[in-house]
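S.K.: Protein sequences, first through last, are from chains A and B.
Take the first sequence: its position 23, counted from the start at 1, is 23 in the numbering used here, and no numbers get skipped.
Take the second sequence: its position 212, counted from the start at 1, is 1212 in the numbering used here, and no numbers get skipped.
By construction, the Cβ of each residue, glycine as well, lies at the ideal position given by its N, Cα and C atoms.
I have a structure I would like to understand better, so I am pasting it below and will then ask my questions one at a time.
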Amino acid sequence: MKKLALVLAVVLSLCCFAACGKEAAPTATDGSSTTAASDVAAVQAKGKMVVGITDFAPMDYKDEGSDEWIGFDADMAKAFAEELGVEAEFIEINWDKKSMELETGAIDVVWNGMTYDDEVAAQMATGTPYCKNAQVVVVKAENNTDLSGGVDALKALSFVAENGSAGAKALEAEQIAYTAVDTQAKALMEVASGSADACVIDLLMAGAMVGEGTSYDNLKIAEGTELTSEEYVVGFRKGSDMVEAFNSFWKKAYDAGTVKATAEKYDVAQNIIPQ
Amino acid sequence: MTDFWSVTLKLLEGLLTTGELFLLTVLFAVPLGLLICFGAMCRFTPLRMVVKTAVWIVRGSPLMLQILIVFYGPGLLFGLPLLPRFTAAVITFVINYACYFSEIFRGGIQSVPRGQYEAGQVLGLTRVQTFFHVVLLQVVKRIVPPMGNELITLVKDTALVRVIAVYEIIWMGESYIKKGLMWPLFYTAVFYLVANGLLTLALGRAEKKLDYFRA
């Protein structure tokens, strides 16, 4: 028994080492190493730019029955990839793991209506701001309380917001208590189900998802409740030369009118920041 | 109604990932668990200590954390390229479940009376022959109920892999919340219940089949 166990244990540990070696070998060839001197070169060597996104209309989403990612951000990401001479590959990520995804090379860029703030600045390198946004309060459609009176009127409500989102920070800045949930969509679900009176989400998202003719037609954006205004940026690995590549691409695309045309297609033209 | 079918199809797609993860985990974790079990029962103290420590670490830390470490760890700590998401998930589950299985196997092996080994010896069998021809069958029979527990837990634990964006059934269900549909998330429960129902039936049959001798 003792001998058998010993032999098996040795085989087991050898198997472990062998497995490790085997796993590492094939993936090493795709060149996604984060230590590469030039990120642009690494992406080009790989032949694809992996874009980390979430399902977020009108920025990144799929049409019913289609498998292709479209939206203002998705279309511009494809154009940028084309400029680099590579394919854009979209991967739905866990939004709260975005910096880990970038840092480890699981994705090359975060391009998903990301609001610029201190946290984003600490986690990644960002391109020039390209889109304006605001945080708004969403309530049930039958809720007729006047909320434009400022913070005091809001404090009477129970709030939800996405954990760590710009909306959550806006609430914290006003010292309004809220319950954190893990996505903006869940925040909407809380309000729709009645477990909270109101949630704070992006104006862009609210515009696409709330009100008549949308998925949440029993909700509405409360009048006069813009909490903060903010800017959207694209995120890259720290120290990446993709930032310069993106900035020059964006300027060129803006001057050529591509940005405006794409924005009009997805109904976000009023949010575009002139370059 | 079209909604219902398209959601069902999408969830089935997620269930496929869940199922693959489940099958691969069982396939690799059972033999690995047996090896770990032998290691934990080995009379060579250093090896036994190493194995027991490893089992303690794996059983003592959250599976969700282990998934994150296996997927992001190599990149964060050493700048190495990452494993594909699904591969990382399978590796984590195999290691984690092998450790739980190993303790079940150990319990099964140690519950076989000493007399069985002695009987084997008397009949002129070697230790290895005694183990595989006399003891092992009795072990298999004894470990079916606790293994059943573990397998049912495994079906539900697969939901954890969505932390590294592996699109299993709960991820698929949650993706509908954005589109304003809340019922798909709760509807996923039906799929788990059916899967575990079938598993329970299969385990019941296995138990009956193994009822060949009363120990």
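Are B/I1169 and B/T1188 closer than 9 Å when you measure CB to CB?
M.R.: Yes.
S.K.: On the DSSP bridge assignment, give the partners of A/Y254 in chain order.
M.R.: According to DSSP, A/Y254 bridges with nothing at all.
S.K.: Are three or more beta carbon pairs between the region 214-222 of chain A and the region 232-240 of chain A nearer than 8 Å?
M.R.: These segments do not touch.
S.K.: Which term fits A/G167, buried or exposed, when burial requires 16 or more other beta carbons within 10 angstroms of its beta carbon?
M.R.: By the 10 Å Cβ count, A/G167 comes out buried.
S.K.: Please list the terminal residues of the continuous beta strand (DSSP E) segment that includes B/C1042.
M.R.: Segment: none, B/C1042 is in no beta strand (DSSP E) and carries neither H nor E.
S.K.: Start and end of the beta strand (DSSP E) containing A/I91?
M.R.: Segment E87 to E92, the beta strand (DSSP E) holding A/I91.
S.K.: Within the same chain, show all residues whose beta-carbon is closer than 8 Å to that of A/T27, passing over the 5 residues directly before and after it, in chain order.
M.R.: Because the pLDDT of A/T27 is 38, which lies under 50, any placement of that residue in the model is unreliable, and the number read from its coordinates should be weighed accordingly. Around A/T27: no qualifying Cβ.
S.K.: As an exercise, report each continuous beta strand (DSSP E) stretch of at least 3 residues that is fully enclosed by the region 146-171 of chain A, in chain order.
M.R.: Taking only runs of at least 3 residues, the beta strand (DSSP E) segments lying wholly in the region 146-171 of chain A are 159-162.
S.K.: Is there a C-beta anywhere in chain A that falls below 9 Å from the one on B/G1075?
M.R.: Taking Cβ atoms only, chain A reaches closer than 9 Å to B/G1075, which makes this a yes.
S.K.: If you measure from the beta carbon of B/I1177 to each beta carbon in chain A, is any gap under 9 Å?
M.R.: So, interface residue.
S.K.: Buried or exposed: which applies to A/E278, given that a residue is buried once 16 or more other Cβ atoms fall within 10 Å of its Cβ?
M.R.: Coverage of chain A is limited to positions 1 through 275, which leaves residue 278 of chain A absent and any answer about it impossible.
S.K.: Is A/A173 closer than 9 Å to A/T228 when the C-beta atoms are compared?
M.R.: Cβ atoms of A/T228 and A/A173: closer than 9 Å.
S.K.: Residues of chain A with CB closer than 9 Å to the CB of B/M1182, please, in chain order.
M.R.: M189, A192 and S193, listed in chain order.
S.K.: Looking at the C-beta of A/A256, does it have a partner C-beta in chain B at a distance below 9 Å?
M.R.: No, A/A256 does not count as interfacial toward chain B.
S.K.: Under the three-state reduction of DSSP, which class applies to A/M124: helix, strand or coil?
M.R.: The answer is coil: DSSP assigns A/M124 none of H, G, I, E or B.
S.K.: Beta carbons nearer than 8 Å to chain A: which residues of the region 1146-1169 of chain B have them?
M.R.: Taking 8 Å as the Cβ-Cβ cut-off against chain A, the residues of the region 1146-1169 of chain B that qualify are R1162, V1163, I1164, A1165 and Y1167.
S.K.: Does the beta-carbon of A/Y178 have 16 or more other beta-carbons within 10 angstroms, so that it is buried, or is it exposed?
M.R.: The residue is buried, with at least 16 neighbouring Cβ atoms inside 10 Å.
S.K.: Kindly indicate if chain B contains any beta-carbon less than 9 Å away from that of A/N94.
M.R.: So, interface residue.
S.K.: Name, going along the chain, the residues of the region 207-237 of chain A whose beta-carbon falls closer than 8 Å to a beta-carbon of chain B.
M.R.: Within the region 207-237 of chain A, the qualifying residues are M209, T214, S215 and Y216.
S.K.: Go through its chain and collect everything with a Cβ distance to B/L1181's Cβ below 8 Å, but skip five positions before and after it.
M.R.: Counting only Cβ-Cβ distances below 8 Å, and skipping sequence neighbours, we find D1003 and V1007.
S.K.: How would you write the range of the alpha helix (DSSP H) that B/L979 sits in, first residue to last?
M.R.: Given a span of 1001 to 1215 for chain B in the structure shown, any question on residue 979 of chain B remains unanswerable.
S.K.: DSSP state of A/D60, grouped into three classes?
M.R.: Residue state, collapsed to three classes: strand.
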